[in-house]
Amino acid sequence: MITRRAALAAFSSAACAFSADAMLVRGLDGKEISIVPGKDVTVVTFISTQCPISNDYNDRMSALYKDYSSKGVKFFFVNANSTEPADVVAEHSKQAGFPFQVYKDVNVADKLDAQSTPETFVFDRTGKQLYHGYIDDARNPARVQNHALKDAVEAALAGKPVANPNTKAFGCTIKRPRRTS
Amino acid sequence: MKILILFAALLSAAPPSKLAPVDELTYGKTVAARKGKVVLVNFWATWCVPCRKEMPELARMATKLKAKGLELITVSADEPEDEKAALTFLAKAGIAEPAYLKRAKNDDKFIGTIDPKWSGALPALILYDKAGKKVKTWVGETDLKALEAEVKKLL
Numbered sequence: 129m130i131t132r133r134a135a136l137a138a139f140s141s142a143a144c145a146f147s148a149d150a151m152l153v154r155g156l157d158g159k160e161i162s163i164v165p166g167k168d169v170t171v172v173t174f175i176s177t178q179c180p181i182s183n184d185y186n187d188r189m190s191a192l193y194k195d196y197s198s199k200g201v202k203f204f205f206v207n208a209n210s211t212e213p214a215d216v217v218a219e220h221s222k223q224a225g226f227p228f229q230v231y232k233d234v235n236v237a238d239k240l241d242a243q244s245t246p247e248t249f250v251f252d253r254t255g256k257q258l259y260h261g262y263i264d265d266a267r268n269p270a271r272v273q274n275h276a277l278k279d280a281v282e283a284a285l286a287g288k289p290v291a292n293p294n295t296k297a298f299g300c301t302i303k304r305p306r307r308t309s
Numbered sequence: 403m404k405i406l407i408l409f410a411a412l413l414s415a416a417p418p419s420k421l422a423p424v425d426e427l428t429y430g431k432t433v434a435a436r437k438g439k440v441v442l443v444n445f446w447a448t449w450c451v452p453c454r455k456e457m458p459e460l461a462r463m464a465t466k467l468k469a470k471g472l473e474l475i476t477v478s479a480d481e482p483e484d485e486k487a488a489l490t491f492l493a494k495a496g497i498a499e500p501a502y503l504k505r506a507k508n509d510d511k512f513i514g515t516i517d518p519k520w521s522g523a524l525p526a527l528i529l530y531d532k533a534g535k536k537v538k539t540w541v542g543e544t545d546l547k548a549l550e551a552e553v554k555k556l557l
């Protein structure tokens with residue numbers, strides 16, 4: 129039996145067999161890693177190369193990453209669209225100038241029941257989901273009134289609850305692979 | 403007489419010249435006002451590729467089934483400054499009125515009012531029966547043949 133702590137120790141290595149509950153993503157180099165919320169404040173955000181709403185948040189996501197990764201927050205930006213292969217994701221990341229890695233999804237979108245891009249989840253240091261929903265409440269930065277993700281990360285760092293733990297993540301649908309039953 | 407009927411049909415299929423605002427307070431009334439008809443509400447935006455792709459087919463379905471009691475309502479989730487682009491697209495896609503522009507005071511409430519399980523992702527289609535009761539929600543790219551079959555069951 130592999131414990132959560134052990135899983136964290138192997139965070140960046142190929143780690144596809146921790147448990148049935150493991151949330152897995154694949155780096156653009158093809159290596160699978162497991163997302164195990166619980167030690168650090170963890171943010172999982174689903175993004176797209178093609179969704180204009182997601183792309184409107186590129187600068188905001190980069191700024192949040194820069195501001196909070198230095199405070200120990202772990203960020204996972206995940207592309208779960210079957211229509212956007214790894215090479216397209218890599219090129220998009222380069223063009224967008226992302227300071228963070230983007231991963232291809234293995235099972236995280238299904239585990240978290242993510243539906244949209246952009247859509248974000250924040251976990252506190254106990255691994256509890258603290259927030260789920262939009263990054264903020266307006267596509268146009270000038271109209272933002274609720275900086276929900278930033279506020280949730282601040283709350284998680286401070287060990288406080290989030291006033292509104294669920295918001296509606298407006299944007300494009302995640303294009304999951306078609307499955308036959 | 404036939405010419406008059408054709409003219410009337412053309413008039414009724416006129417593209418919208420303006421998008422009426424709809425919010426969390428008026429959405430329910432908008433659907434309820436059409437009791438007696440099967441209502442299909444299409445949430446879309448000019449930036450949404452699958453929305454644009456399915457729109458001409460939705461327009462064809464709406465035209466074909468209008469006389470049997472189907473009313474297609476489109477609600478654009480575009481920003482107010484994109485209303486002109488939305489109108490241009492609707493005209494090109496063959497979409498007639500009623501056409502709305504989402505002007506929610508609170509997006510969460512607006513989306514929750516429509517379907518609590520809907521995340522707000524586009525495209526989304528909501529089907530109501532003749533009593534105004536929500537029957538089904540489709541989110542994302544939709545099999546429009548299956549959707550048409552569901553619509554026909556209610557007509």
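These protein sequence lines are chains A and B, in that order. Be aware that the first sequence starts at 129, since it is given in our numbering, and climbs by one per residue. Be aware that the second sequence starts at 403, since it is given in our numbering, and climbs by one per residue. Glycine included, C-beta positions come from ideal geometry on N, C-alpha and C.
- Among the residues of chain A, those whose CB is under 7 Å from the CB of residue 513 (chain B) are 296, following chain order.
- Pairing residue 524 (chain B) with residue 544 (chain B) gives a Cβ-Cβ distance that is not under 8 Å.
- At a cut-off of 8 Å between beta carbons, residue 229 (chain A) makes no contact with chain B.
- At a C-beta separation below 8 Å, residue 181 (chain A) has these neighbours in chain B: 449.
- Of all C-beta pairs linking the region 205–225 of chain A to the region 174–190 of chain A, three or more are shorter than 8 Å, placing the two stretches in contact.
- In chain order, 509 make up the part of chain B whose C-beta sits under 7 Å from the C-beta of residue 265 (chain A).
- Between the region 282–301 of chain A and the region 257–269 of chain A there are three or more inter-stretch CB-CB distances shorter than 8 Å, so the stretches are counted as touching.
- For the options A:254, A:269 and A:182, the alpha carbon positioned closest to that of residue 248 (chain A) is the one of A:182.
- Here the region 191–200 of chain A makes no contact with the region 156–163 of chain A; the two share fewer than three CB pairs at distances below 8 Å.
- Residue burial is scored here from C-beta neighbours: residue 483 (chain B) has fewer than 16 other C-beta atoms within 10 angstroms and is therefore classed as exposed.
- Rounded to the nearest whole angstrom, the C-alpha separation of residue 189 (chain A) and residue 557 (chain B) is 47 Å.
- Residue 233 (chain A) sits in a strand when the DSSP states are folded into three classes.
- When CB distances to chain A are screened at a threshold of 9 Å, the residues of the region 522–549 of chain B falling below it are 522, 523, 524, 525, 526, 541, 542 and 543, in chain order.
- Counting other Cβ atoms within 10 Å of its Cβ, residue 267 (chain A) reaches 16 or more and is therefore classed as buried.
- Under the three-state reduction of DSSP, residue 275 (chain A) is assigned to coil, being neither helix nor strand.
- In the DSSP assignment, residue 153 (chain A) falls outside any alpha helix (DSSP H) and within the unbroken beta strand (DSSP E) covering 151–154.
- Interface flag for residue 254 (chain A) against chain B is unset, since no Cβ pair is found closer than 8 Å.
- Counting C-beta atoms within 10 angstroms of its own C-beta, residue 494 (chain B) has fewer than 16 neighbours from the protein chains shown and is therefore classed as exposed.
- Rounded to the nearest whole angstrom, the CA to CA distance from residue 492 (chain B) to residue 154 (chain A) is 40 Å.
- Ranked by Cα distance from residue 269 (chain A), the first of A:166, A:191, A:172 and A:158 is A:191.
- Counted as a single uninterrupted DSSP element, the alpha helix (DSSP H) harbouring residue 223 (chain A) occupies residues 214–224.
- In the structure shown, the three-state DSSP call for residue 204 (chain A) is strand.
- Between the region 503–522 of chain B and the region 421–430 of chain B, the count of Cβ pairs shorter than 8 Å is three or higher; the stretches touch.
- For residue 481 (chain B), the C-beta contacts it makes with chain A under 7 Å involve 267 and 268, in order along the chain.
- Your pair residue 172 (chain A) and residue 201 (chain A) does not check out as a contact, with CB atoms roughly 11 Å apart and the cut at 8 Å.
- Listed in chain order, the non-local C-beta contacts of residue 271 (chain A) below 6 Å within the same chain number zero, local neighbours out to five positions each way being set aside.
- Contact annotation: the region 444–464 of chain B touches the region 541–555 of chain B, with at least three C-beta pairs closer than 8 Å.
- Here residue 243 (chain A) is buried. Its C-beta has 16 or more other C-beta atoms within 10 Å.
- At a cut-off of 8 Å, the C-beta of residue 212 (chain A) has no neighbouring C-beta in chain B.
- Per DSSP, residue 263 (chain A) is not a residue of any beta strand (DSSP E), being assigned neither H nor E.
- Between the C-alpha atoms of residue 289 (chain A) and residue 265 (chain A) there is a straight-line separation of about 19 Å.
- Take the alpha-carbon of residue 204 (chain A) and the one of residue 529 (chain B): they are about 36 Å apart.
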